[in-house]
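Everything below concerns the one structure shown next.
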Amino acid sequence: MRVPVLIVGGGYAGLSAATMLAWRGVPVLLVERHASTSLQPKAFGVNMRAMELLRPVPGLEKELSGIWQGIGDSMRIAVASSLTDPEPNVLFDTGAVPFPTHLSPAPDLGAPQAEVERVLRAKAEELGADLRFSTEFVSLEQDDDGVTALIRAEDGTETTVLADYVIAADGYRSRLRNQLGIPTSGRGVLNHLQAIMFDADLSTLVNEREVTLWYLQRPEFTGVFITGTGVGAHVLGVTYEGEPDPDFEKLVRLGVGVPDLDVTVLDTTTFPTAHVLADRYREGRVFLAGDAAHTMPPTGGQGGSTALQDGCDLAWRLWLVITGQAGPRFLDSYDAERRPIGKLTADAQLANLGFRMPPAQRVDYPAPLEDPFAALLGYRYHSFAILAEPGDGGSLLEDPRTPNGRPGGRAAHVVLDWDGRQISTHDLFGSGFVLLAGPYGQAWVDAGRAVRDQLGLRLAPHRIGGELLDVDEVWLERYGVSKSGAVLVRPDGFVAWRSPGADLDPAGTLERVLLQILALW
6 MRVPVLIVGG GYAGLSAATM LAWRGVPVLL VERHASTSLQ PKAFGVNMRA
56 MELLRPVPGL EKELSGIWQG IGDSMRIAVA SSLTDPEPNV LFDTGAVPFP
106 THLSPAPDLG APQAEVERVL RAKAEELGAD LRFSTEFVSL EQDDDGVTAL
156 IRAEDGTETT VLADYVIAAD GYRSRLRNQL GIPTSGRGVL NHLQAIMFDA
206 DLSTLVNERE VTLWYLQRPE FTGVFITGTG VGAHVLGVTY EGEPDPDFEK
256 LVRLGVGVPD LDVTVLDTTT FPTAHVLADR YREGRVFLAG DAAHTMPPTG
306 GQGGSTALQD GCDLAWRLWL VITGQAGPRF LDSYDAERRP IGKLTADAQL
356 ANLGFRMPPA QRVDYPAPLE DPFAALLGYR YHSFAILAEP GDGGSLLEDP
406 RTPNGRPGGR AAHVVLDWDG RQISTHDLFG SGFVLLAGPY GQAWVDAGRA
456 VRDQLGLRLA PHRIGGELLD VDEVWLERYG VSKSGAVLVR PDGFVAWRSP
506 GADLDPAGTL ERVLLQILAL W
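Below is the structure:
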């Protein structure tokens with residue numbers, strides 16, 4: 006069989022890529038060796054940035070938000086000796102410090118990976134993606150014309166798949182990464198974690214509609230306890246060396262702090278806590294995503310969201326190339342842009358591990374981020390697909406609370422009025438490029454239409470002050486242009502280029518900019 010994109014792995018990276026490719030009309034085949042999506046809660050939470058990338062798909066934001074609405078109203082994270090510790094060291098409390106929701110139209114979603122995967126799988130299949138569970142990837146060969154891969158179904162039937170591109174989203178052990186010989190760096194395996202999913206009456210210990218995440222520091226073990234995830238059970242993660250302790254009930258009672266607690270164990274699994282970074286994200290026509298690209302400790306909760314962002318990011322880039330809107334070299338921008346962010350996030354979570362789960366603490370661990378929130382919404386990209394301005398020092402982070410519109414940064418959320426309906430600037434992003442011009446920038450709008458037609462590019466030009474009204478009169482400041490200027494925003498909501506003011510030849514300038522960004526020279 007032949008398909009434009011083959012995805013290996015049905016976790017966050019693979020499912021998000023499949024969903025976003027199918028939504029854009031790109032046929033995709035996903036194979037996953039397990040029989041279904043995750044049963045354990047696994048990663049918890051989807052951050053605003055990942056939600057911004059997913060929300061253009063009709064109905065998806067509502068369905069994902071429904072998971073959190075069914076679970077709770079708040080979340081607390083603390084370091085403690087047990088769930089009954091009378092003086093936990095509270096690190097995060099949404100009830101006390103609400104998230105700065107004014108910076109994004111997307112919610113910060115508290116939801117377990119198991120439920121998010123279920124929704125993504127259903128949406129991908131609804132959109133036409135071919136998802137095959139209980140099917141394993143065997144091998145591949147590639148050349149300048151494409152990839153020939155062998156997959157094997159549960160009954161032993163083997164199928165040859167011809168694909169233009171492959172996404173390796175097959176986890177931290179990534180068979181594809183190993184077969185391709187892509188080297189890795191990082192601290193490697195740090196310890197092993199035993200996850201115990203159990204049922205017990207904790208109604209007197211936790212709030213009914215609150216997610217409780219406790220990092221446990223005990224003489225017997227370090228670990229993590231989480232309840233209120235909406236999967237109908239609680240989870241205790243226990244670090245171990247050698248062989249895991251088979252007395253699950255004992256471990257749960259220690260973690261909860263109730264010696265005679267009635268416990269029913271529902272499921273157990275083991276996995277390593279690791280810090281492994283692929284030295285490159287691309288090998289020919291194969292691209293690494295998720296844990297195959299960056300395995301990170303769970304301390305900080307950004308591993309899942311980073312994997313989701315990888316999948317979404319690959320989807321729009323592959324779509325542009327497969328449909329001829331960008332040249333094949335455009336795909337090099339994926340490694341250039343996403344790999345530094347993968348390392349930044351993995352290092353930040355490694356730093357958290359040293360603080361939250363001793364004895365993992367090491368003197369040579371990375372220093373914690375001064376502003377963790379900047380890494381959520383304020384990370385920046387640098388590649389040929391971003392036209393940097395003079396004086397740009399190449400910083401990886403900026404403060405999203407004071408957006409400036411510089412190329413390489415995330416386009417700011419601004420409330421707009423469109424025919425009496427309030428929307429966000431982010432409601433314009435996702436399905437193609439967007440050119441936003443100032444109130445006196447009609448020449449840029451006309452140029453956008455002309456260049457769009459000339460290049461056969463999905464590009465929507467808009468004038469702020471025309472059909473779109475700036476409700477709070479902050480667009481010029483947050484995008485850093487004058488009333489005659491214009492800003493080019495990519496499908497991922499990042500600023501690719503801007504002109505602070507008018508131009509004598511707006512169509513010629515815009516054409517040169519897009520040819521460079523899209524590697525069409």
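If you want our numbering, it's the position in the sequence shown, counting the first as 1, plus 5. Ideal placement from N, C-alpha and C gives every residue a C-beta, glycine not left out.
Please state the DSSP three-state secondary structure of residue i.
i, result
"H39", "coil"
"T275", "strand"
"F49", "strand"
"S144", "strand"
"G115", "strand"
"Y339", "helix"
"V500", "strand"
"A129", "helix"
"D432", "helix"
"V229", "strand"
"R334", "helix"
"E472", "coil"
"G398", "coil"
"I391", "coil"
"Y484", "helix"
"E92", "coil"
"R137", "strand"
"T304", "coil"
"Y17", "helix"
"A465", "strand"
"A158", "strand"
Flag this pair as yes or no: are the beta carbons of residue i and residue j separated by less than 8 Å?
i, j, result
"L198", "V261", "no"
"A279", "G295", "no"
"T42", "R123", "yes"
"P345", "L401", "yes"
"C317", "M25", "yes"
"R287", "L336", "yes"
"V121", "V166", "no"
"L255", "H299", "One detail in the question is off: residue 255 reads as Lys in this sequence, not Leu. In this structure, H299 does not lie closer than 8 Å to K255 by Cβ."
"Q45", "A119", "yes"
"A40", "F138", "yes"
"T304", "A200", "no"
"V62", "L323", "no"
"L519", "L462", "yes"
"A297", "A379", "no"
"L433", "H467", "yes"
Alpha carbon to alpha carbon, how far is residue i from residue j?
i, j, result
"E225", "R343", "39 Å"
"V486", "G309", "35 Å"
"K47", "F97", "20 Å"
"D451", "W423", "19 Å"
"V500", "G471", "21 Å"
"L155", "G161", "12 Å"
"I391", "V270", "51 Å"
"T251", "D272", "It should be noted that the sequence gives Pro, not Thr, for residue 251. C-alpha separation (whole angstroms): 12 Å."
"D475", "R426", "12 Å"
"L35", "E159", "15 Å"
"G193", "Y177", "11 Å"
"A22", "S86", "39 Å"
"P511", "A491", "10 Å"
"E66", "M53", "11 Å"
"Y339", "R483", "26 Å"
"F203", "T350", "30 Å"
"T149", "P110", "First, the amino acid is wrong: residue 149 is Asp here, not Thr. Roughly 42 Å between the two C-alpha positions."
"L3", "P371", "Only positions 6 to 526 of the chain appear in the structure, and residue 3 is not among them; the question remains open."
Taking the continuous beta strand (DSSP E) assigned at residue i, which residues delimit it?
i, result
"M202", "189-204"
"M80", "79-85"
"T7", "The question names Thr, but residue 7 is Arg in the sequence shown. Segment 7-13, the beta strand (DSSP E) holding R7."
"L441", "438-442"
"W423", "420-423"
"L167", "163-173"
Where does the unbroken alpha helix (DSSP H) through residue i begin, and where does it stop?
i, result
"W321", "308-327"
"G260", "253-261"
"G513", "511-522"
"F378", "377-382"
"E213", "Counting along the chain, E213 falls outside any alpha helix (DSSP H), and DSSP gives it neither H nor E."
"Q453", "The question names Gln, yet the displayed sequence has Gly at residue 453. It spans 447-460 - the alpha helix (DSSP H) in which G453 sits, taken as one unbroken run."
"L181", "180-184"
For chain B, is any of its Cβ atoms less than 8 Å away from the one on residue i?
i, result
"G228", "Checking the listed chains, one finds no chain B in this structure; it contains a single protein chain."
Practice item. Report yes or no: do three or more beta-carbon pairs, one from the stretch 186-196 and one from the stretch 283-291, lie closer than 8 Å? Key: The stretch 186-196 vs the stretch 283-291: in contact.
Check your understanding: Using 8 Å as the threshold, is the stretch 10-25 in touch with the stretch 173-181, meaning 3 or more CB pairs across them?
Key -> Verdict: yes, contact present.
Review point. If you pair each beta-carbon of the stretch 207-223 with each one of the stretch 253-268, do three or more pairs fall below 8 Å?
Key: As far as the Cβ criterion goes, the stretch 207-223 touches the stretch 253-268, which means the pair count is three or higher.
Check your understanding: Taking contact to mean at least 3 C-beta pairs separated by less than 8 Å, is the stretch 491-511 in contact with the stretch 405-415?
Key -> The stretch 491-511 vs the stretch 405-415: in contact.
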